[in-house]
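Student: To start, I am sharing the structure in question, which I have written as C-alpha cells.
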C-alpha cells in the first residue's frame with residue numbers, strides 16, 4: 095500500500111522556497127511554521143507572494159499543515175491570541191488545510207484540570223468560528239501542568255468539546271516515547287496503539303509525526319534527532335507505522351537541519367517500508383508502558 099509521506103520544511107528564506115523544496119522531494123503534503131526558525135521573525139508575505147504561491151505551488155499538494163507557534167498556549171491563563179489570529183488568517187489565505195497546535199500548559203491556573211477546561215473553551219470557540227481549516231492537537235513530551243503528554247488528557251478534553259468530530263489529533267512518536275510510552279518493544283507498541291484507540295480513536299488521528307529521539311523513555315524532554323540515530327531507531331518506527339491501525343495515516347518527518355540529499359535519502363527509506371491493510375481489533379489492557 096502506498097503511503098502519503100511528507101517532511102517539515104523550513105522557510106529559508108520564503109514560503110515559495112519551502113514549497114519548491116517539497117516539490118523536489120516529491121511530496122504531496124508538507125508542514126511548516128509561519129515563523130523563521132533562525133530569527134523568530136513571523137512570515138509576512140506580500141499579496142503578490144500569496145497569489146504566486148496559490149497559483150504556482152498550491153496545486154501540487156493535497157494537504158498543507160501549519161504548525162502553530164510555540165508562543166500559543168491555549169491551556170493557560172495567558173494566551174498569545176494575536177499570534178494565533180495572525181497565523182490562522184494567513185493559513186486561510188494560503189489555503190492550508192490543517193493547523194497543528196500543542197495543547198500548552200495550565201500556567202497561571204494552578205491545576206491540570208483547570209488547564210483542560212481552558213483548552214476546551216478555546217477549542218470550542220475556534221471550531222465555531224473557523225470552518226475552513228481543521229484544528230489538530232499534538233501529543234507532547236512534557237509532564238507536570240502540561241496538557242497532552244498523558245493521552246488521557248485528550249479523553250477528558252473530548253468530553254468537553256461541543257463538536258468533537260471536528261477536532262483532530264497528531265501522534266508524535268518521539269514525544270510519546272519521551273513522555274513514557276514504550277515504542278521500542280512489540281508489547282509497548284501494541285499497548286500504545288490500543289491506548290490511542292481507547293482515549294482518542296484512530297479515526298480522529300489525521301497525521302503521524304515519525305520522529306526519533308536520543309531521550310530515553312519517560313524523561314519528558316522534547317528532542318528530535320536524525321531518523322535511525324536515536325533510541326527508537328528505524329526498526330521500531332517501521333514496525334509502529336506499519337501496524338494496520340496506521341495503514342491509511344499520512345506520515346511526516348520532523349528532522350534536524352540536514353542537507354537536502356540526506357532528507358531525500360531518509361524519505362526514500364520510509365517510502366520503502368511495507369504497509370499492511372486493516373486489522374481485526376485487538377482486546378488489550380491500555381496503560382503506560384514505562
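Numbering (this note's numbering), first residue to last: 95 to 384. Using N, Cα and C, we set each Cβ at its ideal position, and we do this for glycine too.
1. Could you tell me the alpha carbon to alpha carbon distance between residue 190 and residue 157, rounded to whole angstroms?
2. Give the C-beta separation of residue 431 and residue 361 to the nearest angstrom, bearing in mind that I take them to be a contact with Cβ-Cβ under 8 Å.
3. Taking DSSP as the reference, what is the three-state secondary structure of residue 378?
4. Please name the residue, chosen from 170, 218, 162, that lies closest to residue 136 on a Cα-to-Cα basis.
5. Starting from residue 251, trace the beta strand (DSSP E) in both directions and tell me its first and last residue.
6. Is it the case that the Cβ atoms of residue 206 and residue 239 are separated by a distance below 8 Å?
7. According to DSSP, is residue 199 helix, strand or coil?
8. Quick check on residue 112: does DSSP put it in helix, strand or coil?
9. Going by other Cβ atoms of all chains shown within 10 Å of its Cβ, with 16 needed for buried, is residue 131 buried or exposed?
10. In chain order, what residues of the same chain lie with their CB nearer than 6 Å to the CB of residue 252, ignoring the 5 residues before and after it?
11. Does the distance from the CB of residue 256 to the CB of residue 305 come in under 8 Å?
12. For residue 338, tell me which candidate among 346, 353, 297, 311 has the shortest Cα-Cα distance.
Tutor: This is what the structure holds:
1. 7 Å
2. Here the chain comprises residues numbered 95 to 384, so residue 431 is not present and cannot be evaluated.
3. Because the pLDDT of residue 378 is 48, which lies under 50, any placement of that residue in the model is unreliable, and the question is left without a value.
4. 162
5. Per DSSP, residue 251 belongs to no beta strand (DSSP E); it is in the alpha helix (DSSP H), 246 to 252.
6. yes
7. strand
8. helix
9. exposed
10. 258
11. no
12. 297
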